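Encoded as structure tokens, the structure appears first; notes follow it.
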Amino acid sequence: MAYAATEPSFQTLSNNAIPAAAGIGLRACHYHAFQSGKPEIAWVEAHSENLFADGGLVHRVMRQVRQEYPLSLHGVSLSLGSADPINMDYLHKLRQVITRYEPGLVSEHLCWVSSRGRYLHDLLPIPYTEAMLRHVSDRIDQVQNFLKRPILIENVSAYLQFATEQMPEWAFLNALVRNTGCGLLLDINNLYVSSRNLGIRQEEYLANIDGAAVQEIHLAGFSVENALGQDILIDTHSQPVWPEVWSLYGQSLQVLGRKVPTLIEWDANIPPIERLLHEANTAEQVLEEMP
Amino acid sequence: MSTPFSWQASFMEAVLSEGGLIPDLDGPFSSAVSTAVYRNNILEGFTEGLKNIYGAIFLLIGEDCFRAIAHAYARSTPSLCGDRNAYGARMPEFLGMHPLTRSIAYLADVARLEWASHEAYLAAEEFMDSGLHTSVRLIESDYPLLALWQFCQHPETDSPLDLDALGGDRVFICRPQEEVLMRSLPMGEASWYRSLLEHKTLGEATSAAVDAEPGIDPAQYLASAQRDGIFIPKQ
């Protein structure tokens, strides 16, 4: 059964809708900034798994944050592309967190994280074949049925290319939207990284992606590393957003033709919150140029 | 080519090995390059996660040794759930066995203290049947554990520790509010908490405390535990 994003019973509550403005990811090193003040930002995103804790500081902070900001939840371990059955223990915890904090959006990645019950805690690529499309569509259906709401699916960075014949990533994502009624989270940094690493054509991607389904955008900084003598872009979330990615972000908004909620992610070498807010402000300026 | 699903098992085997290669690839990167990148991303991800929990161990053994230990641990100890916070419980035993670290006798105890602190940080806002808050832990060691841990928090300013002169320690860990608190316990109080953590009755805990430290009055432990918000008597 497919869920249309407009299905009335799954409409988000009006007080927690994610605005078409810039947000930042909530990280432990910035908890104090949110406890002692009210950073100027339109919305925040938290990693779903961090809220799986039974108690403690994260929930104290989140209760306060949720009262002051719209919240989206972003998962990294659902392992939608894995051959394993969906981890129901994980899904129950995710549903508890959703019930508790009523996020405006819930998102996950188009990837696998675990195999035969063992988690690698990394966002690993899947081949874009018809068989995989059926597999992932079925699992998104299962998750959305269980959570009783649509989720957003995010494109990940890739550092390998499969030998099997595949459809383009945008075609795979569009088919997931058609099959399941899920939305899309377009990670512009991941698109840039994959395009530079594997030669994916950015213009073709943006021209063909189902723009109406894109409900959120992610921006982050990649690193350039050298592996066995070859330069490769790695999605490290450890730096400011690169100029090339800002430019691709502007292009993407032009193609989408509207403002889209945009998140600045920073997960390694995390700077003081002021620096993060500065990045968000840059995104806000790009958004404000849109009609 | 293998099915996408047997491919995932091959991928996992390749990245967790020293020299294996991810099969069935094409395109601009050789299999060796792609494997090296994913292997590094995955193992460094585990290293970063373990470093967030075991910061004192990181300081005590240094970056290179910690990385070697973390990679070996990640390869040999599967993470069995999607929550990274749940991974790392067996590091104390691992440090005690690994050739790089087993000669540093106090390391496993420091790791036990750090895991206990990590658990306390995430514990439920509830009280156990014993009456103790779910965050309460007791780590006992033949080494001056709290002094070692405190040294790691301020390595530049603290003076060197004389491990032999300082002797053993019993560190009490709890998180009544936001912050994880630690302090060293005298013999009697340690016996009192140990008894309660072993699900004994208050009466048994009182006897154990007096046996360990004759002449003390365990009623003061109860009063201070209630005052600190880490004990609620059960009806």
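Listed in order, the protein sequences are those of chains A and B.
Residues in the first sequence are numbered consecutively from 2, following this note's numbering.
Residues in the second sequence are numbered consecutively from 70, following this note's numbering.
Using N, Cα and C, we set each Cβ at its ideal position, and we do this for glycine too.
In this text the structure is predicted, and so the values were computed from the model without any measurement.
- When DSSP builds the beta bridges, which residues end up paired with residue 113/A? Translated into the one-based positions of the first sequence, residue 113/A becomes position 112. According to DSSP, residue 113/A bridges with 125/A.
- Item | Contacting positions in the stretch 102–126 of chain B - beta carbon closer than 8 Å to chain A | 102, 103, 105, 106, 107, 109, 110, 111, 114, 115, 117 and 118
- Which chain B residues sit within Cβ distance under 7 Å of residue 133/A? Here residue 133/A is taken as the residue at index 132 of the first sequence, counted from 1. Ordered by position in chain B, the residues that pass the 7 Å Cβ test against residue 133/A are 73.
- Task: Look at the alpha carbon of residue 331/A and the alpha carbon of residue 126/A, and state the distance between them as a whole number of angstroms.
- Result: Chain A is shown only over 2 to 292; residue 331/A falls outside these bounds and no answer can be derived.
- Nearest-angstrom Cα distance between residue 51/A and residue 255/A? In the first sequence, counting from the first residue as 1, residue 51/A sits at position 50. In the first sequence, counting from the first residue as 1, residue 255/A sits at position 254. Distance between the alpha carbons of residue 51/A and residue 255/A: 34 Å.
- Item | Whole-angstrom distance between residue 301/B and residue 294/B, CA atom to CA atom | In the second sequence, counting from the first residue as 1, residue 294/B sits at position 225. In the second sequence, counting from the first residue as 1, residue 301/B sits at position 232. If I take the Cα positions, the gap works out to 8 Å.
- Query: Are residue 180/A and residue 138/A close, meaning C-beta to C-beta below 7 Å?
  - Reply: In the first sequence, the residue the question calls residue 180/A occupies position 179. In the first sequence, the residue the question calls residue 138/A occupies position 137. It is a contact, given that the beta carbons lie within the stated cut-off.
- May I ask you to report which of helix, strand or coil DSSP gives residue 290/B? For the purposes of this step, residue 290/B is taken as the residue at position 221 of the second sequence. Note: residue 290/B maps to helix in three-state DSSP.
- Taking the alpha-carbon positions, what's the residue 245/B to residue 280/B distance? Position 176 of the second sequence, counted from the first residue, corresponds to residue 245/B. Position 211 of the second sequence, counted from the first residue, corresponds to residue 280/B. Going by the C-alpha atoms only, they are around 28 Å apart.
- Task: Could you tell me whether the Cβ atoms of residue 154/A and residue 183/A are closer together than 7 Å?
- Result: If you number the first sequence from 1, residue 154/A lands on position 153. If you number the first sequence from 1, residue 183/A lands on position 182. The answer is yes: Cβ separation under 7 Å.
- Item | Nearest-angstrom Cα separation, counted from residue 213/B out to residue 232/B | The sequence position of residue 232/B within the second sequence is 163, counting from 1. The sequence position of residue 213/B within the second sequence is 144, counting from 1. Rounded to whole angstroms, the gap between the alpha carbons of residue 232/B and residue 213/B is 6 Å.
- Residues bridged to residue 44/A by DSSP? As a position in the first sequence, residue 44/A is number 43, starting the count at 1. The partner list for residue 44/A (beta bridge, DSSP) reads 24/A.
- Out of 128/A, 268/A, 159/A and 49/A, state which residue places its alpha-carbon closest to the alpha-carbon of residue 173/A. Here the question's residue 173/A lines up with position 172 in the first sequence. Per the Cα distances, 128/A.
- Hey, would you say residue 121/A sits closer than 7 Å to residue 91/B, going by beta carbons? Residue 121/A sits at position 120 when you count from the first residue of the first sequence. Residue 91/B sits at position 22 when you count from the first residue of the second sequence. Going by C-beta atoms, residue 121/A is not nearer than 7 Å to residue 91/B.
- In angstroms with no decimal places, state the Cα-to-Cα distance between residue 169/A and residue 202/A. Your numbering for residue 169/A matches position 168 in the first sequence. Your numbering for residue 202/A matches position 201 in the first sequence. Computed Cα separation, rounded: 10 Å.
- Item | Runs of beta strand (DSSP E) wholly within the stretch 223–252 of chain A (minimum 3 residues, chain order) | 224–228 and 231–235
- Only counting runs of 3 or more residues, tell me where the beta strand (DSSP E) segments fall wholly within the stretch 246–286 of chain A, in order along the chain. 263–265
- residue 8/A (DSSP reduced to helix, strand or coil): Counting from one through the first sequence, the residue named residue 8/A turns up at place 7. Confidence at residue 8/A is low in this model, with a pLDDT of 35, below 50, so the placement of that residue should be treated as unreliable; the coordinate-derived value is given next. In the structure shown, residue 8/A sits in coil (DSSP, three-state: anything other than H, G, I, E or B).
- Do you know whose CA, among 273/A, 272/A, 271/A and 264/A, lies nearest residue 283/A's CA? Here the question's residue 283/A lines up with position 282 in the first sequence. Its Cα nearest to that of residue 283/A, the residue 264/A stands out among 273/A, 272/A, 271/A and 264/A.
- Query: Taking the alpha-carbon positions, what's the residue 232/A to residue 53/A distance?
  - Reply: The residue given as residue 232/A occupies position 231 in the first sequence. The residue given as residue 53/A occupies position 52 in the first sequence. Residue 232/A and residue 53/A: Cα-Cα distance of roughly 37 Å.
- Query: Going along chain B, which residues have a C-beta under 9 Å from residue 127/A?
  - Reply: Taking the first residue of the first sequence as position 1, residue 127/A is located at position 126. Listed by position along chain B, the residues whose Cβ is nearer than 9 Å to that of residue 127/A are 73 and 77.
- Have a look at 166/A, 279/A, 151/A and 245/A and flag the residue whose alpha-carbon is nearest the alpha-carbon of residue 131/A. Here residue 131/A corresponds to residue number 130 of the first sequence, with the count starting at 1. The shortest Cα separation from residue 131/A among 166/A, 279/A, 151/A and 245/A belongs to 166/A.
- Query: Quick one, are the C-beta atoms of residue 91/A and residue 124/B less than 7 Å apart?
  - Reply: Here the question's residue 91/A lines up with position 90 in the first sequence. Here the question's residue 124/B lines up with position 55 in the second sequence. Contact flag unset, no.
- Any Cβ of chain C within less than 7 Å of the Cβ of residue 238/A? No chain C is present in this structure, whose protein chains are A and B.
- What does residue 167/A touch in chain B if you count any residue whose Cβ is under 7 Å from its own? As a position in the first sequence, residue 167/A is number 166, starting the count at 1. In chain order: nothing, as chain B lies at least about 10 Å away.
- Residue of 97/B, 71/B, 77/B and 82/B minimising C-alpha distance to residue 196/A: Position 195 of the first sequence holds residue 196/A. Among 97/B, 71/B, 77/B and 82/B, the Cα nearest to that of residue 196/A belongs to 97/B.
- Message: For residue 255/B and residue 239/B, what's the separation of their Cα atoms in angstroms?
- Response: To locate residue 255/B, count along the second sequence from 1; it is residue 186. To locate residue 239/B, count along the second sequence from 1; it is residue 170. Using only the alpha carbons, I get a separation of about 7 Å.
- Query: Residues bridged to residue 241/B by DSSP?
  - Reply: The sequence position of residue 241/B within the second sequence is 172, counting from 1. Residue 241/B pairs with 207/B and 252/B.
- Beta-carbon neighbours of residue 197/B, restricted to chain A and to distances below 9 Å: Residue mapping note: residue 197/B aligns to position 128 of the second sequence, counting from 1. None at all; the shortest Cβ gap to chain A is about 13 Å.
- Cβ pair count under 8 Å reaching 3, the stretch 134–153 of chain A against the stretch 74–83 of chain A: yes
- residue 172/A: contacting residues in chain B (beta-carbon distance under 8 Å): Within the first sequence, the letter at position 171 stands for residue 172/A. Those do not exist, as residue 172/A stays about 17 Å from chain B at its closest Cβ, beyond 8 Å.
- Message: Below 9 Å on C-beta distance, what does residue 148/B contact in chain A?
- Response: Stepping through the second sequence from its first residue, residue 148/B is reached at position 79. Under the 9 Å cutoff, chain A gives 115, 119, 120, 121 and 122.
- Query: How big is the Cα-Cα spacing for residue 185/B and residue 268/A?
  - Reply: Mapped onto the second sequence, residue 185/B falls at position 116. Mapped onto the first sequence, residue 268/A falls at position 267. About 25 Å.
- With 7 Å set as the bound, which would you pick, yes or no: does the beta-carbon of residue 231/A sit closer than that to a beta-carbon of chain B? Along the first sequence, read from residue 1 onward, the residue named residue 231/A stands at position 230. Yes, its Cβ sits closer than 7 Å to a Cβ of chain B.
- Query: Using 8 Å as the Cβ pair cut-off and three pairs as the minimum, do the stretch 217–230 of chain B and the stretch 195–206 of chain B touch?
  - Reply: no
- Item | Per DSSP, the bridge partner or partners of residue 218/A | Residue 218/A sits at position 217 when you count from the first residue of the first sequence. According to DSSP, which records beta bridges pairwise, residue 218/A is partnered with 187/A and 263/A.
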